[in-house]
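One structure below.
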Amino acid sequence: MRPSLARLVRMLPRSAVSSEQKVVTSLASRPPQTKPLSLTDIMLEKQALAGNDWPTNLRIEPIIPKTAFKNMTPRVRSKLREMLRET
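Sequential numbering of the sequence shown, starting at 592, is according to the working numbering.
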């Protein structure tokens, strides 16, 4: 039988913990969290470094949010998407 989380946690009454005890948080400063580069950004950097040596079969299409196409009819939306793709 596996122990459940409720079985592993033990609740203590307030009288069991002295009021002089305090929880001390970590004083070490944390480095700011940065998002890693997306695959598109990495590929664009590699493409810029390669210049004319970049393989023609590797195409990088621009990232366009769905909100850009929000107020368009479906027919126009599909045509615009086709136009934005690299050939």
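Note that beta-carbon positions come from the ideal geometry of N, C-alpha and C, so glycine has one too. A quick note: this is a predicted structure, and the numbers were derived from the prediction, not measured.
With C-beta atoms as the reference, is residue i less than 7 Å away from residue j?
| i | j | result |
| --- | --- | --- |
| residue 651 | residue 634 | yes |
| residue 660 | residue 666 | no |
Do you know whose CA, among the options, lies nearest residue i's CA?
| i | options | result |
| --- | --- | --- |
| residue 657 | 671, 630, 645 and 602 | 671 |
| residue 638 | 649, 676 and 629 | 649 |
Could you tell me whether the Cβ of residue i comes closer than 7 Å to any Cβ of chain D?
| i | result |
| --- | --- |
| residue 649 | Within the model displayed, chain D is absent; a lone protein chain is all it includes. |
Handout entry: Minimum length 3: unbroken beta strand (DSSP E) runs contained in the segment 635 to 667
Key = Within the segment 635 to 667, no complete beta strand (DSSP E) run reaches 3 residues.
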